[in-house]
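Here's the structure we're looking at; comments come further down.
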Amino acid sequence: MAQNLSALIEDADFCIVGIGSEWNWVKTGIKSDKRYEQLLEYCHNEGNQWLLPIVEYEYAYYNSDKKIEDAYKKLRSLIGDKKYYLVSDIVFQDALLYGFEEDRCVYPCGNLIYLQTAAKDDELVLAQKVPEFMDIVDSIHKVITDLDGNIGEESSFSNPFNDGRELYLNQKRPEYRNIEYNERAYLNTWEEYTKFLSRTLNKNLLILELGVGVEYPTVIRWPFEKVTFLNKKAHLVRVHEKLYHHTPEIEDKTDSIQMNSVDYILQESKGL
């Protein structure tokens, strides 16, 4: 890369940031915490997959990650007063906690805020307002804090209900493959994002893709490549430990960097 990231942002008229799985500190943290081993094993058993999203909710509710926190803060400092939009294919809205504006961030794959039924047209409900859901979260937390992760052979968990209908976290994920994902939580912001994209045509646009895998390639990876191809003044910076490659058609407009994207931001922000 001829220029450092700060210089690339400075030269841009607009900036779009994509956040992916390398920023999912919850999944990484749970796997490295031995107290969650039995719970994860339980979640992988047939019929129990629905519980994993709630286990991740509990972990996110009671924990944080200093490195991720610093990276978001540094990323926000790097962007400065540049016109930007952040798109994420993970459900943890950490950017909103560390300086990013809510109306400039969109989370198409879900959130930790709402619960939905199996019908995509039903109203969303606030997770923290559903006692049955929070009771499950509390039960998981007690297993971790009081029992050091030992759930026992007879332990069982029941899916929460509301007005006779099962509830699920409002997320698009493999554990919910039989559930119709309710998109209403992000659609308004997505509409604003597409309007923002239309204004970037033939403008100096920096597209910064950070740690995005191939779980949901139609959300960030493929659209970012398409925008880079169509916009004559776009430049894509793709950073990932393994999936850093780009298509030949945008060779002269792309920097592919083989590096953990969180580490990359912390590196590029030195001196701020």
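Per my numbering, residue 2 is the first one in the sequence shown, and the count goes up by one each step. Heads up, the beta-carbon is just placed ideally off N, CA and C, and yes, glycines get one too. Everything numeric in this text was worked out from a predicted model, so none of it was measured.
Beta-bridge pairing of residue i - partner residues as DSSP gives them
i      : result
His236 : Leu207
Ile258 : Val240
Tyr217 : Looking at the DSSP assignment, Tyr217 forms no beta bridge with any residue, so it has no partner.
Phe162 : Glu167
Gln172 : Gly111
Among the options, the one whose alpha carbon lies nearest that of residue i
i      : options                          : result
His279 : Ser270, Lys68, Leu125 and Val213 : Outside the shown range of the chain, which is 2 to 273, sits residue 279, and nothing can be said about it.
Ile145 : Leu41, Leu97 and Trp191          : Leu41
Met260 : Glu226, Ser270 and Leu211        : Leu211
Trp24  : Ile10, Glu38, Tyr182 and Val88   : Val88
Glu133 : Tyr169, Asp256 and Thr29         : Tyr169
His241 : Ile152, Ser257 and Leu52         : Ser257
Gln4   : Asn203, Asp34 and Thr255         : Thr255
Leu113 : Gln129, Glu154 and Glu102        : Gln129
Asn189 : Val238, Glu103 and Lys227        : Glu103
Glu181 : Arg36, Thr118 and Phe230         : Thr118
Gln172 : Ser262, Gly150, Gly19 and Trp51  : Trp51
Leu53  : Ile141, Gly21 and Leu9           : Ile141
Asn179 : Lys84, Ile208, Gly48 and Ile55   : Gly48
Ile17  : Lys35, Arg36 and Arg77           : Arg77
Glu124 : Gly153, Asn151 and Asn163        : Asn163
Asn183 : Val126, Tyr37 and Gly19          : Val126
Assigned exposure category for residue i - 16 Cβ within 10 Å defines buried
i      : result
His236 : buried
Gln94  : buried
Asp90  : buried
Ala120 : exposed
Asn46  : exposed
Glu269 : buried
Lys75  : buried
Ala8   : exposed
Ser65  : exposed
Trp26  : buried
Val238 : buried
Glu1   : It is not possible to answer for residue 1, since the shown part of the chain is limited to 2 through 273.
Glu226 : buried
Arg174 : buried
Contact with chain C by residue i, beta-carbon distance below 7 angstroms
i      : result
Leu127 : Absent from the structure: chain C. Only one protein chain is present.
Looking at C-beta atoms only, is the number of pairs between the region 208-219 and the region 157-170 that lie closer than 8 angstroms three or more?
-> no
Say whether the region 102-111 touches the region 240-258, bearing in mind that this needs 3 or more beta-carbon pairs closer than 8 angstroms, one atom from each stretch.
-> no
Contiguous alpha helix (DSSP H) assignments of at least 4 residues, all confined to the region 2-65 | 6-12, 26-33, 38-45 and 53-63
Would you be able to state if there are at least three C-beta pairs under 8 angstroms between the region 184-204 and the region 63-77?
-> no
Kindly provide the ranges of any alpha helix (DSSP H) runs that are 4 or more residues long and lie completely inside the region 182-207, ordered along the chain.
-> 188-200
Are the region 132-148 and the region 180-197 in contact at 8 angstroms, needing three or more beta carbon pairs?
-> no
Inspect the CB distances between the region 47-62 and the region 12-32 and report whether three or more fall short of 8 angstroms.
-> yes
How about the region 201-209 and the region 228-235: do they share at least three Cβ pairs that are nearer than 8 angstroms?
-> yes
Run through the region 52-138 for me and flag every whole beta strand (DSSP E) of 3 or more residues, listed as ranges in chain order.
-> 84-89 and 111-117
Contact between the region 94-103 and the region 127-141 (3+ Cβ pairs under 8 angstroms) | no
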